[in-house]
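Novice: Please find one structure pasted underneath; my questions will follow.
Chains as they are written, first to last, in the working numbering: chain A, 30 to 409; chain B, 10 to 150.
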């Protein structure tokens, strides 16, 4: 107990003789990273789509922590510095053959693990941003990516996510193994920062918190500048701007108005030419309104956009080319939604996209806007 | 003259209120008058709309239209003071003017929907008389 009470000194040694190895920066970094990576992994693997924001914030926070660690690796105290645990294959060989003398810091294998984890989380953050830009069409890369490249990034992102799980498992195995071998609880050392005294030749380095703070502020400013520049890039392949009021009124009378990007131009032409027999119903319009709406639909049809929805529904079903809901992709995406849910009176069938997609009218279909409403209480 | 008409109207309104029969407001009256013009044009012998016939028409099962829409009540339900639902699942406001005051006040809207709905239910246009009968009845509810 008094070990912890006495750890205030910076000299490295405490009253009980234990030595301060991990500074506060390293420890805080380590445990916050555990929390954020766990949060990102759990929400990514198990969360429903509308938890995306949680996943994103966990990911941003993990990336920010990595940025801090990279700076701290150059400015932190002795054992925080990368120079105290350089990646070295010779060191790993010596360690494996038992010839490496254990110092205070990371052993050569542990050091490799640190670099591997830092690298994989950086790669996860980058592929995640790319997926967000290309597939979800949000974030700083929205204007700089394509849907196709986003799909590839998504696959890499998922592969790397499994990689992190594997690395963490190895890391835990290593910590347990080394703790046994060194007869010292290494996980606790990462909490208290303290280890038993032992011979160690690492050159002492003082932490440079002011330099670190300035470097981080510089990084933050650069990130802000890049993101605000990227946000202003034009992205004509993502629906934006006002929709045609006439479309919203006339095509919204009987069901959610379906955004033009959800069907190809040929389907819209056909729908607008056959309004007098519209899915078994007369939905005819006077010629002027019909032409206005048709021209707007055709000018904004799926072929003009590169969103997930446009890419998914661009290829209509051969038998029912006028239905978005008949496409194989639409059915696959909605596989998990029970048929009874669509049948609910307050939802009104699959054609009423807006019942569950808060942004259906915009054509964006953002994961964050998906919400299957709670069934209303029966009142008769 | 002017005064006499106003007094007569006031008496008429009071009588309508007294008997409890809701009467159509001025917006609805203009719409019904427009349909009366059409009915006269189609049939010089036209002598006025018949709300009771309109009610019967609204509830009747028709043939010739879509299989899922044999009646006006298919979407508007048989309680016109309650909300209905389109075949595509969207709620339709009640049809009775007493609960939905802005009903039958926009001629283009009424013409559009009478055109569509008659075709869906009967497979043909409604005659001006049929339409006027129904609107007269709906507007009085």
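Where is the CB? At the ideal position from N, CA and C, for every residue including glycine.
Please read these numbers as outputs of a predicted model, since none were measured by experiment.
Any C-beta of chain B sitting closer than 8 Å to the C-beta of residue 402(A)?
Specialist: Not closer than 8 Å to any Cβ of chain B, the Cβ of residue 402(A) fails to qualify, so no.
Novice: Output the distance between the C-alpha atoms of residue 81(A) and residue 396(A), rounded to the nearest integer angstrom.
Specialist: The straight-line gap from Cα to Cα measures roughly 7 Å.
Novice: With contact counted as at least three CB pairs below 8 Å, one residue from each stretch, are the segment 251 to 262 of chain A and the segment 70 to 87 of chain B in contact?
Specialist: With the cut-off at 8 Å, the segment 251 to 262 of chain A and the segment 70 to 87 of chain B do not touch.
Novice: Check each residue of the segment 311 to 342 of chain A: if its Cβ is closer than 9 Å to any Cβ of chain B, include it; give the result in chain order.
Specialist: Taking 9 Å as the Cβ-Cβ cut-off against chain B, the residues of the segment 311 to 342 of chain A that qualify are 311, 312, 313, 314, 315.
Novice: Taking only beta-carbon atoms, is residue 92(B) less than 8 Å away from chain A?
Specialist: Not closer than 8 Å to any Cβ of chain A, the Cβ of residue 92(B) fails to qualify, so no.
Novice: Using a Cβ-Cβ distance cut-off of 8 Å, determine whether residue 381(A) contacts chain B.
Specialist: It does: the Cβ of residue 381(A) has a partner Cβ on chain B nearer than 8 Å.
Novice: Would you kindly work out how many angstroms separate the C-alpha atoms of residue 343(A) and residue 88(B), rounded to a whole number?
Specialist: Roughly 42 Å separates the two Cα atoms.
Novice: Just to check my reading of the structure: residue 291(A) and residue 377(A) have Cβ atoms closer than 8 Å, yes? What is that Cβ distance to the nearest angstrom?
Specialist: Not confirmed; about 17 Å, so no contact.
Novice: If you draw a straight line from the alpha carbon of residue 257(A) to that of residue 283(A), how long is it in whole angstroms?
Specialist: For residue 257(A) and residue 283(A), the distance between alpha carbons rounds to 41 Å.
Novice: Let me know the secondary structure DSSP gives residue 224(A) once reduced to three states.
Specialist: In the structure shown, residue 224(A) sits in a strand (DSSP, three-state: E or B).
Novice: Does the CB of residue 147(B) have a neighbour CB from chain A at under 8 Å?
Specialist: Taking Cβ atoms only, chain A never reaches closer than 8 Å to residue 147(B), which makes this a no.
Novice: At a cut of 8 Å, does the segment 139 to 156 of chain A reach the segment 186 to 204 of chain A through at least three beta carbon pairs?
Specialist: Touching, per the Cβ criterion.
Novice: For residue 176(A), which residues in the same chain have their Cβ closer than 6 Å to its Cβ, ignoring the five residues on either side in sequence?
Specialist: If we look at residue 176(A) and ignore the five residues flanking it on each side, its Cβ neighbours are 163, 335, 340.
Novice: Give me the chain E residues within the contact set of residue 376(A), using Cβ-Cβ distance strictly less than 9 Å, ordered along the chain.
Specialist: Of the protein chains in this structure, namely A and B, none is chain E.
Novice: Cα-Cα, which of 82(B), 63(B), 59(B) is closest to residue 70(B)?
Specialist: Nearest C-alpha to residue 70(B): 82(B).
Novice: Look up residue 101(B) in the DSSP assignment and give the residues it is bridged to.
Specialist: 93(B).
Novice: Go through its chain and collect everything with a Cβ distance to residue 493(A)'s Cβ below 7 Å, but skip five positions before and after it.
Specialist: The structure shown has nothing for residue 493(A), since chain A only spans 30 to 409.
Novice: Return the first residue and the last residue of the alpha helix (DSSP H) that residue 129(B) is part of.
Specialist: First-last of the alpha helix (DSSP H) with residue 129(B): 116 to 131.
Novice: Classify residue 184(A) as buried or exposed, calling it buried when 16 or more other Cβ atoms lie within 10 Å of its own Cβ.
Specialist: Residue 184(A) is exposed by the Cβ-count criterion.
Novice: For the 8 Å Cβ check, are there 3 or more pairs between the segment 82 to 93 of chain A and the segment 199 to 206 of chain A?
Specialist: Contact between the segment 82 to 93 of chain A and the segment 199 to 206 of chain A is absent, because fewer than three Cβ pairs lie under 8 Å.
Novice: Rounded to whole angstroms, how far is the Cβ of residue 58(B) from the Cβ of residue 145(B), which I believe are closer than 8 Å?
Specialist: Correct: roughly 4 Å between the Cβ atoms.
Novice: Answer yes or no: the CB of residue 239(A) versus the heavy atoms of ligand 2, is any distance below 7 Å?
Specialist: Judged by which ligands are present, the structure shown has none, so any question about ligand 2 falls away.
Novice: Please report the distance separating the alpha-carbon of residue 401(A) from that of residue 37(B).
Specialist: Roughly 39 Å between the two C-alpha positions.
Novice: Under the DSSP definition of a beta bridge, which residues are partnered with residue 399(A)?
Specialist: According to DSSP, which records beta bridges pairwise, residue 399(A) is partnered with 386(A).
Novice: Looking at the C-beta of residue 387(A), does it have a partner C-beta in chain B at a distance below 8 Å?
Specialist: Not an interface residue.
Novice: Going by CA-CA distance only, name the one from 121(B), 137(B), 100(B), 115(B) that's closest to residue 375(A).
Specialist: The shortest C-alpha separation from residue 375(A) is found at 100(B).
Novice: Beta carbon of residue 55(B), beta carbon of residue 138(B): below 8 Å?
Specialist: Their beta carbons are under 8 Å apart, which means residue 55(B) touches residue 138(B) by this criterion.
Novice: Measure from the C-beta of residue 283(A) to each C-beta in chain B and report whether the shortest distance is under 8 Å.
Specialist: Taking Cβ atoms only, chain B reaches closer than 8 Å to residue 283(A), which makes this a yes.
Novice: Just how far apart, CA to CA, sit residue 267(A) and residue 333(A)?
Specialist: C-alpha separation (whole angstroms): 9 Å.
Novice: Are residue 91(A) and residue 65(A) touching if we call contact CB-CB under 8 Å?
Specialist: Yes, these two residues count as a Cβ contact at 8 Å.
Novice: According to DSSP, is residue 380(A) helix, strand or coil?
Specialist: Coil.
Novice: Assign residue 360(A) to buried or exposed, taking buried as 16 or more other Cβ atoms, counted over all protein chains shown, within 10 Å of its Cβ.
Specialist: When all chains shown are included, residue 360(A) counts as exposed.
Novice: By how many angstroms is the C-alpha of residue 119(A) removed from the C-alpha of residue 139(A)?
Specialist: For residue 139(A) and residue 119(A), the distance between alpha carbons rounds to 14 Å.
Novice: DSSP on residue 307(A), reduced to helix/strand/coil?
Specialist: The answer is strand: DSSP assigns residue 307(A) an E or B state.
Novice: Quick one, which residues of the segment 37 to 59 of chain B are near chain A if we go by CB-CB under 9 Å, in chain order?
Specialist: Within the segment 37 to 59 of chain B, no residue qualifies.
Novice: If we ignore side chains and look at the alpha-carbon of each, how far apart do residue 116(A) and residue 73(A) end up?
Specialist: If you take the alpha carbons of residue 116(A) and residue 73(A), they lie about 31 Å apart.
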